[in-house]
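Residue numbers (my numbering): 1 to 287.
1) Which two residues bound the contiguous alpha helix (DSSP H) that contains residue 97?
2) For the region 117-128 and the region 93-101, state whether three or more C-beta atom pairs, one from each stretch, are separated by less than 8 Å.
3) Measuring alpha carbon to alpha carbon, tell me which of 69, 53, 64, 55 ends up nearest residue 222.
4) Might you give, ordered along the chain, the residues of its own chain that have their beta carbon closer than 8 Å to the beta carbon of residue 161, omitting 5 neighbours on each side?
5) Cβ atoms of residue 235 and residue 268: under 7 Å apart, would you say?
6) Spell out a yes or no on whether the region 209-216 and the region 82-96 are touching, meaning 3 or more CB-CB pairs, one atom from each, closer than 8 Å.
7) DSSP three-state call for residue 225: helix, strand or coil?
8) Which of the three DSSP states, helix, strand or coil, is assigned to residue 68?
9) By the DSSP assignment, the alpha helix (DSSP H) with residue 252 in it spans what residues?
10) Compare the C-alpha of residue 88 against each of 276, 51, 270 and name the closest.
11) To the nearest angstrom, how far is it from the Cα of residue 237 to the Cα of residue 80?
12) Does the Cβ of residue 66 have 16 or more other Cβ atoms within 10 Å, making it buried, or fewer, making it exposed?
13) In whole angstroms, what is the alpha-carbon distance linking residue 244 and residue 164?
14) Are the Cβ atoms of residue 217 and residue 252 separated by less than 7 Å?
15) How many Å lie between residue 220 and residue 90 at the Cα?
16) Nearest to residue 111 by CA position, among 126, 125, 273, 134, is which residue?
17) Can you check whether the CB of residue 246 is closer than 7 Å to the CB of residue 264?
18) If you compare alpha carbons, which of 276, 250, 271, 58 is closest to residue 262?
19) Round the Cβ separation of residue 138 and residue 154 to the nearest angstrom and send it over; I've been treating them as touching at under 8 Å.
20) Which whole-angstrom value is the C-beta distance of residue 107 and residue 156, which I expect to be below 8 Å?
21) Does the Cβ of residue 107 lie closer than 6 Å to at least one heavy atom of the ligand ATP?
22) Within its chain, find whatever has a CB closer than 6 Å to the CB of residue 78; leave out the 5 residues flanking it on each side and keep chain order.
23) Quick one: grab the DSSP three-state call for residue 257.
24) Using the Cα positions of residue 272 and residue 126, report the straight-line distance between them to the nearest angstrom.
25) Between which two residues does the alpha helix (DSSP H) carrying residue 145 extend?
26) Count the other CB atoms within 10 Å of the CB of residue 258; is the residue buried (16 or more) or exposed (fewer)?
27) State the Cα-Cα distance for the pair residue 32 and residue 53, rounded to the nearest angstrom.
28) Who are the near neighbours of residue 230 in its chain, counting only those whose CB is closer than 6 Å to its CB and skipping five residues on each side?
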């Protein structure tokens, strides 16, 4: 343990500070944070084990915050832990949490940048570049414990690979399909079969509901990243994310969800707020 003059630091003070960190975040009941056994203040033989146990508890609580998608709370959690251990002379433990905070911030920035590049590459249609970006985003999402995003982007990549394979083999005949309902009706016609209108409508409705769920999940992920970016004062990138949320809400309206009109206005307002903050705030950040 790399600490300065441990004998002069009563354990009760260390625990007081550490417990303040642990109790400052709320993960439900904080899983009823594990209670430490009573240790005499001068029992230095157990000091190392006690500190390591506290480090492990704080690490697990940070992982729980990440699993919940609470990136800002996780960053603050690790920063407070680093500050507290450093003030008490535990430089090695402080560096552990400082590094975790730094890595988390960088992962959030990286995913935001990769998502922006992905949207541009989709317009260009370069399948190789798109595949590389999808795999990078999936990897970053995994490191962020964002397994909903991992599943979503993996599903999108799988669908893209199937379409590309069909295109290369000449099996893809319809290049532009105005709606999924039209596609299934045309397919039935080519096979010489007729789908009853009620059956076709029900089938299309299922496809439509799945599309709505996919769009809502994608928007939730982008919204979480936008909030994190705002906390980092990266208003230019955050504004782009809020615009993506606005556009996804418009798509949901087109799919028949009229209630999304309120979200369109909300995300547009968030986008404009970031655009207004961008010139002054980001200049301060760079300096």
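By construction, the Cβ of each residue, glycine as well, lies at the ideal position given by its N, Cα and C atoms.
With the given structure in hand:
1) 91-124
2) Counting Cβ pairs under 8 Å, fewer than three are found: no touch.
3) It is 69 whose Cα lies nearest to the Cα of residue 222.
4) So the list reads 131, once near-sequence residues are dropped.
5) no
6) no
7) In the three-state DSSP reduction, residue 225 falls in the helix class (H, G or I).
8) Coil at residue 68, not helix or strand.
9) 235-254
10) 51
11) Inter-residue distance for residue 237 and residue 80 is about 27 Å (C-alpha atoms, whole angstroms).
12) buried
13) 25 Å
14) No.
15) 38 Å
16) Out of 126, 125, 273, 134, 134 has the C-alpha closest to the C-alpha of residue 111.
17) yes
18) Measuring from the Cα of residue 262, the nearest candidate turns out to be 250.
19) 6 Å
20) Taking 8 Å as the upper bound for CB-CB distance, residue 107 and residue 156 are not in contact here, some 20 Å apart.
21) Because no ligand of any kind appears in the structure shown, any question about the ligand ATP cannot be addressed here.
22) 62, 97, 100, 101
23) coil
24) 32 Å
25) In the DSSP assignment, residue 145 falls outside any alpha helix (DSSP H) and carries neither an H nor an E.
26) In this structure residue 258 is exposed. Its beta-carbon is surrounded by fewer than 16 other beta-carbon atoms within 10 angstroms.
27) In this prediction, residue 32 has a pLDDT of 41, which is less than 50 and means its spatial position is unreliable; what the coordinates show is noted afterwards. In a straight line, the C-alpha of residue 32 is about 15 Å away from that of residue 53.
28) 238
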